[in-house]
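Chains as they are written, first to last, in the working numbering: chain A, 1 to 326; chain B, 1 to 387.
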Amino acid sequence: MKRRDFLKGVVGSCAAMATVSGSVEARGNNPRLPGAVGLLFDSTLCVGCKACVTACKQANDKVLDVPADKPYLDRTMHLSPDALNVIKMYKNGKPEVKDREVDGFAFQKQSCMHCVDPSCVSVCPVQALLKDGTTGVVTYDKDACIGCRYCVASCPFQIPKFNYDDPFPEIHKCQLCNHLWSENKFSACADVCPTGATLYGPVEKLMAEAKRRTSLNPGEVTRFPRRDIEGKEFGREQKVVKYVDRIYGEKEGGGTQMLMLSGVPFDKQGLPDLHERSSASVSETIQHTLYSGLVAPAVILAGLVGVARRNTKNHTDESPEEDAHE
Amino acid sequence: MSSYAPVGGRLVTPVTVVLGGLFGISVFLLVIRFINGLGAVSNLNDGYTWGIWVVVDIVIGTAFACGGYAMALLVYVFNKGQYHSLVRPALLASMFGYTLGGLAVLFDLGRWWNFWHLISPAYFNVNSVMFEVGACVFLYVIVMWIEFLPAFLEKLGINRLRQKLNKMMFLFIALGILLPTMHQSSLGTMMVVFGRMIDPLWQTNMLPLLFVLSAYTMGLSVVIFEASISAEGFKRQRETRLLGQMSTVIVGLILIYLAIRIGDIIARGELSRIYSNGFLSGMFLVEMALFLIPVLILLTKRARSSAALLFVAAVSMLLAGSLYRIDTMLVAFNPGSEYSYFPSIPEMLITIGIISFEILAYIVLAKYLPVLHQEKQAGATGELRSL
Ligand code: SF4
Ligand code: SF4
Ligand code: SF4
């Protein structure tokens, strides 16, 4: 009988937990901020010159990796503590035509996406990573960071990088060059881009521009803004390449503040196929359901205290009072 | 007289020397880690930034250290007084498991000198699952030391304080049940945010429930495991009848765990992955087998009264729970094809060293403090103590 009671208790508590962990509607995706700033990367405009890789390094005091004869061409292939921005190449078969999936090639920018509802901010136990309440830029504060690398593991884009060979390591990721704002400058990668493939500006405007481009007919000639979408500066007029019908970052993982356009499907270029629901919201919903206001733990604790009190009396513990006068 | 007594016996034995040596090696390697960084001794990388130090030392280590939690819940909440003699040794092992898990956190943290931010309100992020785990584990370690304090006080002969503490002990016992329930489940929640990076056979919103259930079951199993080992090592009387009774609880819990695990996979429509998922299907099936072995072994009453079979069942359950954690956090975790991870030799030696230290400290304390249940037959205590 008693064993059955015990199992009943266990099943009961499991069922209680199952209902809370099952009801995941409490926190939806965080909404886009009206004042958000970000980048629009249009792969069909990128010529692979990697000027942005070098500019990013210079703007962020990183070591350049350039051959002596070509001091403008940084060789860096992967994100690292010394590279917050890289251009990757997609190649297929005989890479003859740019922006074509088969027998073609394309370029892809890799840097922090400044997620609308970032995993890295949600998981950081000590608020070293924060999302700015106005601009939505995801920033890092090394003085708060404990180096647990939960952000490194949880970022769906594998962006935050950590120095494993340094006794005083830090997390390294793009912070949208917000340190340049006080000098009236903006993201170095967008600033330097000759074609406007990387474009800086308010996300709302970048999104409208992205939609304009995807609605154009392939072959049509249009002007592409350069550097800052609000700067009224244009690159050369150019024929529109056929885009895949998707603005990457509009919905992916709850949306991002770096938007992407491409002629080659995004998954082929190594971008993850994410749920529209942000991982942060799924995880925080469970956490909040169980712990919001610490109500549930307090109730359970009260119950446990009562039961433990009665039961420690029932069968006195290891060294009961009446034993004390040895 | 108290019902617990020190085991006594020599300290320097072949076993303690080997354990001490292994611990020494890990200290040496840890010095290198602190001088040259994590990469100097480990294979950690930005894809697999958490390796065996997190998965084995902390996550599996604290699950092994759930004996104290498991016994407290059984004895003080479900009022199973018959298991009382198992409480204190289980608590000692838990206290060490958790304290060392906490220390393992320190050398895994890249910016370890800031570790106190985890418990400083100026920094903490209540949305972060890791914050909750960190804060709970920290509190739980303190609670366990308080729970264990009477044993020290008894040794030192400070009885008045001990009595006072014992009167309030129910408060700490209650906390000592709540806190592990919270963070053992949160260790599962911690993996939810990885989303599609974890294979659907393991990724589920049920992770917190599955983690706490399996941790609790591992806690009960580790009590059987430790009781068997110390019966052998310290040449003590076996507590087979008691352990056999307790094993029925383990069977029940495993069945509940498996029902939720499989039911959830079916509900999410991922059942076919059990066979169509290549290597991961294999890992899943091995895991399932390890969970089922104790169930099958412990079905008959005869098996439950065999010390050897109980031991095998407990070991299988501990392996099952460990593999479940390794699979969820490392094997089924895929950060992209350009990354791979297998622990380096120094990395493994550090883990082995920490475990050795844990066992060593347990042996030493069991010899000098009233931890193990006092034996009824005086004859048994006089025998050779080989540990
Ligand atoms: S891309 Fe990664 S690092 Fe950047 S905001 Fe999103 S989760 Fe954080
Ligand atoms: S490594 Fe630093 S920034 Fe990243 S989650 Fe941990 S504490 Fe936060
Ligand atoms: S915004 Fe600045 S830090 Fe970020 S990728 Fe561009 S140049 Fe680099």
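Ideal placement from N, C-alpha and C gives every residue a C-beta, glycine not left out.
Here the structure is a predicted model, which is why all the values come from computation and not from measurement.
Extent of the continuous beta strand (DSSP E) to which residue i belongs
{"i": "Lys131 of chain A", "result": "Leu129 to Lys131"}
{"i": "Tyr76 of chain B", "result": "Unbroken run through Tyr76 of chain B: none, as it is neither H nor E."}
{"i": "Pro31 of chain A", "result": "Premise fails: Pro31 of chain A is in no beta strand (DSSP E) and is neither H nor E."}
{"i": "Leu199 of chain A", "result": "Thr198 to Pro202"}
{"i": "Leu39 of chain A", "result": "Val37 to Asp42"}
{"i": "Val221 of chain A", "result": "Val221 to Pro225"}
{"i": "Leu261 of chain A", "result": "Met258 to Leu261"}
{"i": "Thr76 of chain A", "result": "Where Thr76 of chain A is concerned, there is no enclosing beta strand (DSSP E), given that its DSSP letter is neither H nor E."}
Backbone CA spacing between residue i and residue j [nearest angstrom]
{"i": "Thr222 of chain A", "j": "Ala153 of chain A", "result": "41 Å"}
{"i": "Glu183 of chain A", "j": "Asp143 of chain A", "result": "24 Å"}
{"i": "Leu156 of chain B", "j": "Phe148 of chain B", "result": "13 Å"}
{"i": "Lys268 of chain A", "j": "Leu209 of chain B", "result": "36 Å"}
{"i": "Ala59 of chain A", "j": "Ser80 of chain A", "result": "16 Å"}
{"i": "Glu154 of chain B", "j": "Lys167 of chain B", "result": "15 Å"}
{"i": "Ser279 of chain A", "j": "Thr44 of chain A", "result": "30 Å"}
{"i": "Arg88 of chain B", "j": "Gly68 of chain B", "result": "8 Å"}
{"i": "Glu101 of chain A", "j": "Val264 of chain A", "result": "5 Å"}
{"i": "Leu369 of chain B", "j": "Pro150 of chain B", "result": "10 Å"}
{"i": "Leu310 of chain B", "j": "Met182 of chain B", "result": "29 Å"}
{"i": "Tyr164 of chain A", "j": "Leu38 of chain B", "result": "5 Å"}
{"i": "Asn45 of chain B", "j": "Val244 of chain A", "result": "33 Å"}
{"i": "Ile345 of chain B", "j": "Ala298 of chain A", "result": "45 Å"}
{"i": "Asp317 of chain A", "j": "Gln175 of chain A", "result": "Reliability of the predicted coordinates at Asp317 of chain A is poor, the pLDDT of 45 falling under 50, and the value obtained from them is presented with this limitation in mind. Cα to Cα, the separation comes out at about 57 Å."}
{"i": "Met218 of chain B", "j": "Leu318 of chain B", "result": "6 Å"}
{"i": "Lys242 of chain A", "j": "Phe194 of chain B", "result": "33 Å"}
{"i": "Val37 of chain A", "j": "Leu199 of chain A", "result": "11 Å"}
{"i": "Ile35 of chain B", "j": "Ile25 of chain B", "result": "16 Å"}
{"i": "Leu92 of chain B", "j": "Tyr362 of chain B", "result": "7 Å"}
{"i": "Met191 of chain B", "j": "Gly134 of chain B", "result": "15 Å"}
Span of the alpha helix (DSSP H), counted from its first residue to its last, around residue i
{"i": "Ala55 of chain A", "result": "Ala51 to Ala59"}
{"i": "Tyr90 of chain A", "result": "Taken as a continuous stretch (DSSP letters only), Tyr90 of chain A belongs to no alpha helix (DSSP H), being part of the beta strand (DSSP E) at Val86 to Lys91."}
{"i": "Glu226 of chain B", "result": "Leu207 to Gly233"}
{"i": "Ala188 of chain A", "result": "Ala188 to Val192"}
{"i": "Glu132 of chain B", "result": "Val129 to Leu156"}
{"i": "Phe105 of chain A", "result": "Premise fails: Phe105 of chain A lies in the beta strand (DSSP E), Gly104 to Gln110, not in any alpha helix (DSSP H)."}
{"i": "Leu216 of chain A", "result": "No alpha helix (DSSP H) holds Leu216 of chain A; DSSP gives it neither H nor E."}
{"i": "Val17 of chain B", "result": "Pro14 to Asn36"}
{"i": "Leu239 of chain A", "result": "Note that residue 239 of chain A is Lys in the sequence shown here, rather than Leu. Here Lys239 of chain A belongs to no alpha helix (DSSP H); instead the beta strand (DSSP E) covers Phe234 to Lys239."}
{"i": "Leu271 of chain B", "result": "First-last for Leu271 of chain B: undefined, no H or E at that position."}
{"i": "Met169 of chain B", "result": "Asn159 to Thr189"}
{"i": "Thr248 of chain B", "result": "Thr240 to Ala267"}
{"i": "Tyr83 of chain B", "result": "From DSSP, Tyr83 of chain B is part of no alpha helix (DSSP H); its letter is neither H nor E."}
{"i": "Val152 of chain A", "result": "Tyr150 to Ser154"}
Per-residue contacts from residue i into chain B (C-beta, under 7 Å)
{"i": "Phe162 of chain A", "result": "Asp46, Thr49 and Gly110"}
{"i": "Arg309 of chain A", "result": "Phe170"}
{"i": "Ser119 of chain A", "result": "Val193"}
Within chain A, partners of residue i - CB distance below 9 Å
{"i": "Thr189 of chain B", "result": "Ser21, Ser283, Ile286, Gln287 and Leu290"}
{"i": "Gly336 of chain B", "result": "Gln158, Gly270 and Pro272"}
Neighbour list for residue i in chain A, Cβ cutoff strictly below 8 Å
{"i": "Gly134 of chain B", "result": "Pro125"}
{"i": "Phe194 of chain B", "result": "Ala153, Ser154 and Ser279"}
{"i": "Val129 of chain B", "result": "Val123, Ser283 and Gln287"}
{"i": "Leu118 of chain B", "result": "Pro125, Val126 and Ile146"}
Contacts of residue i in chain B (Cβ-Cβ under 8 Å)
{"i": "Thr312 of chain A", "result": "Tyr76, Met169, Phe170 and Ile173"}
{"i": "Ile87 of chain A", "result": "Simply none; closest approach about 16 Å."}
{"i": "Ser111 of chain A", "result": "Chain B residues near Ser111 of chain A: none, gap ~14 Å exceeds 8 Å."}
{"i": "Pro169 of chain A", "result": "Gly37, Leu38, Gly110 and Arg111"}
{"i": "Leu301 of chain A", "result": "Ala174, Leu175 and Leu178"}
Within chain A, the residues that residue i reaches when beta carbons sit closer than 7 Å
{"i": "Tyr123 of chain B", "result": "Val126, Gln127 and Ala144"}
{"i": "Met182 of chain B", "result": "Pro297"}
{"i": "Ile177 of chain B", "result": "Leu304"}
Within-7 Å CB hit, residue i to chain D
{"i": "Val102 of chain A", "result": "Looking for chain D here will not work: the only protein chains present are A and B."}
Cross-chain neighbours of residue i in chain B, by beta carbon under 9 Å
{"i": "Tyr150 of chain A", "result": "Thr49, Trp50, Ser128, Val129, Met130, Met190 and Val193"}
{"i": "His114 of chain A", "result": "The premise fails here: His114 of chain A is roughly 18 Å from chain B at the closest Cβ pair, so nothing lies under 9 Å."}
Worksheet entry | Near-chain A residues of the segment 207-235 of chain B (beta-carbon distance less than 9 Å), N- to C-terminal order | Leu207, Pro208, Leu209, Val212, Leu213 and Tyr216
Practice prompt. Pull out every residue of the segment 261-279 of chain B whose Cβ sits closer than 7 Å to any Cβ of chain A, in chain order.
Written response: none
Worksheet entry | Every unbroken alpha helix (DSSP H) inside the segment 273-355 of chain B [4 residues or more] | 273-276, 279-297, 301-304 and 307-326
Fill in: Contact list for the segment 219-234 of chain A against chain B, Cβ threshold 8 Å
none
Item to complete: With 7 Å as the C-beta to C-beta threshold (strictly closer), list the residues of the segment 12-23 of chain B near chain A in chain order.
Response: none
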